[in-house]
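Below is one structure; the comments refer to it alone.
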(Lines of atoms letter the chains of each structure in order from A and count residues from 1; the text may use other names and numbers.)
(Lines give C-alpha, C1' and ligand atoms only; values in the text may rest on other atoms or scores of the structure.)
Protein backbone atom coordinates (compact mmCIF):
# COMPACT_ATOMS: atom_id res chain seq x y z
CA UNK A 1 0.00 0.00 0.00
CA UNK A 2 1.26 3.48 -0.86
CA UNK A 3 0.00 6.85 0.32
CA UNK A 4 0.47 9.78 -2.03
CA UNK A 5 0.21 13.42 -1.02
CA UNK A 6 -0.31 16.21 -3.52
CA UNK A 7 0.48 19.62 -2.01
CA UNK A 8 0.31 23.07 -3.59
CA UNK A 9 3.63 24.90 -3.28
CA UNK A 10 4.54 28.54 -3.90
CA UNK A 11 5.28 27.92 -7.59
CA UNK A 12 3.52 24.64 -8.32
CA UNK A 13 2.75 21.18 -6.97
CA UNK A 14 4.68 18.66 -4.88
CA UNK A 15 3.87 14.96 -5.11
CA UNK A 16 5.23 12.78 -2.32
CA UNK A 17 4.90 9.11 -1.51
CA UNK A 18 6.33 6.06 -3.31
CA UNK A 19 6.99 8.47 -6.20
CA UNK A 20 8.05 12.08 -5.72
CA UNK A 21 7.96 14.92 -8.24
CA UNK A 22 7.40 18.65 -8.65
CA UNK A 23 5.50 20.48 -11.39
CA UNK A 24 4.96 24.20 -11.89
CA UNK A 25 1.46 25.64 -11.66
CA UNK A 26 -0.82 24.40 -14.45
CA UNK A 27 -3.51 27.10 -14.50
CA UNK A 28 -4.30 30.38 -12.75
CA UNK A 29 -7.84 29.13 -12.03
CA UNK A 30 -7.47 27.09 -8.83
CA UNK A 31 -10.17 24.54 -9.73
CA UNK A 32 -8.58 23.75 -13.09
CA UNK A 33 -5.12 23.80 -11.50
CA UNK A 34 -6.14 21.17 -8.92
CA UNK A 35 -7.71 18.91 -11.58
CA UNK A 36 -4.66 19.14 -13.83
CA UNK A 37 -2.33 18.48 -10.88
CA UNK A 38 -4.30 15.32 -10.04
CA UNK A 39 -4.12 14.15 -13.67
CA UNK A 40 -0.35 14.79 -13.69
CA UNK A 41 0.11 12.89 -10.41
CA UNK A 42 -1.90 9.93 -11.72
CA UNK A 43 0.37 9.73 -14.78
CA UNK A 44 3.37 9.44 -12.46
CA UNK A 45 1.62 6.94 -10.15
CA UNK A 46 0.45 4.91 -13.15
CA UNK A 47 -3.22 4.58 -12.19
CA UNK A 48 -6.33 6.63 -11.53
CA UNK A 49 -6.74 7.58 -7.86
CA UNK A 50 -9.47 8.69 -5.53
CA UNK A 51 -8.17 11.89 -3.95
CA UNK A 52 -9.32 13.16 -0.57
CA UNK A 53 -9.02 16.87 0.15
CA UNK A 54 -7.54 17.62 3.57
CA UNK A 55 -7.04 20.94 5.30
CA UNK A 56 -4.87 21.21 8.38
CA UNK A 57 -3.64 24.42 10.00
CA UNK A 58 -4.95 26.38 7.00
CA UNK A 59 -2.94 24.32 4.49
CA UNK A 60 -4.58 22.26 1.73
CA UNK A 61 -3.44 18.90 0.46
CA UNK A 62 -4.92 15.96 -1.40
CA UNK A 63 -4.20 12.35 -0.43
CA UNK A 64 -4.67 9.05 -2.23
CA UNK A 65 -3.99 5.47 -1.17
CA UNK A 66 -3.18 2.75 -3.67
CA UNK A 67 -2.36 -0.94 -3.39
CA UNK A 68 0.03 -0.80 -6.37
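In our numbering, the protein residues as written are 10 to 77. For every residue, glycine included, the Cβ atom is placed at its ideal position computed from N, Cα and C.
Opening and closing residue of the beta strand (DSSP E) in which residue i lies
| i | result |
| --- | --- |
| residue 63 | 61 to 65 |
| residue 30 | 30 to 33 |
Buried or exposed by the 16-neighbour rule on C-beta atoms within 10 Å, applied to residue i
| i | result |
| --- | --- |
| residue 54 | buried |
| residue 22 | buried |
| residue 74 | exposed |
Chain-order list of residues whose beta-carbon lies under 7 Å from that of residue i (same chain, five-residue window excluded)
| i | result |
| --- | --- |
| residue 17 | 69 |
| residue 67 | none |
| residue 24 | 13, 15, 30, 50 and 53 |
| residue 45 | 35 and 36 |
Identified DSSP bridge partners for residue i
| i | result |
| --- | --- |
| residue 21 | 18 and 33 |
| residue 43 | According to DSSP, residue 43 bridges with nothing at all. |
The ligand NAP heavy atom lying under 6 Å from the CB of residue i
| i | result |
| --- | --- |
| residue 28 | In terms of ligand content, the structure shown is empty, and the ligand NAP therefore cannot be addressed. |
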